[in-house]
Amino acid sequence: MSQHSETGKWGEALAVDFFAKKKFKIEATNWHWHNKEIDLIVSNQREIIFVEVKTRTAGVLAKPEEALTRAKQKHLLQAANAYIIDHDINKEARFDVITIWINGKQHNLKHTPNAFGPQW
């Protein structure tokens, strides 16, 4: 597995742990629809939350949140819509971003609820 893939998997595992500790139900990880992927899907009583996880290691200049382009947001919205239809979800939906900086064995996790949504 490449260093990039290992970093991403570690970041996604940290995000799962973050939401599990807050008592969210983990619905799916790495859910695919066509060529689109949602890193993490969690829920509570009121909401279904689609989570994009962006992880970077020390030495990488780009900020994790800079990787969430408008095109990526559009893909996430399309995939989330498919998930909602496929699973007959009747809850409010929101889109969160988890950004993680990893430096050796330490990490800094930032959760941004409602990071983006449909642009009407």
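The opening residue of the sequence shown carries number 148 in the working numbering; numbering runs sequentially from there. Heads up, the beta-carbon is just placed ideally off N, CA and C, and yes, glycines get one too. Bear in mind the structure is a predicted one, so any value in this text is a computation, not a measurement.
Of the residues the options, the one placed nearest residue i, counting alpha carbons only
i: Lys168; options: Ser190, Gln253 and His179; result: Ser190
i: Leu215; options: Ala262, Ala227, Thr204 and Glu174; result: Ala262
i: Thr154; options: His258, Asn228 and Arg203; result: Arg203
i: Phe242; options: Leu224, Lys252 and Ala160; result: Leu224
i: Lys257; options: Trp157, Ala226, Ala160 and Phe165; result: Phe165
Buried versus exposed call for residue i [16 or more other C-beta atoms within 10 Å across all chains shown]
i: Ile232; result: exposed
Cβ shell of residue i (< 6 Å), same chain only, five flanking positions each side left out
i: Ala175; result: Ile188
i: Lys172; result: Ser190
i: Trp267; result: Bear in mind that a pLDDT of 40 at Trp267, under 50, signals an unreliable position, so the model cannot answer this.
Enclosing beta strand (DSSP E) for residue i [first to last residue]
i: Ala227; result: Counting along the chain, Ala227 falls outside any beta strand (DSSP E), though it belongs to the alpha helix (DSSP H) covering Arg217 to Asp233.
i: Lys183; result: Lys183 to Ser190
Same chain, Cβ closer than 7 Å to residue i, neighbours up to 5 away in sequence not counted
i: Arg193; result: Lys238 and Glu239
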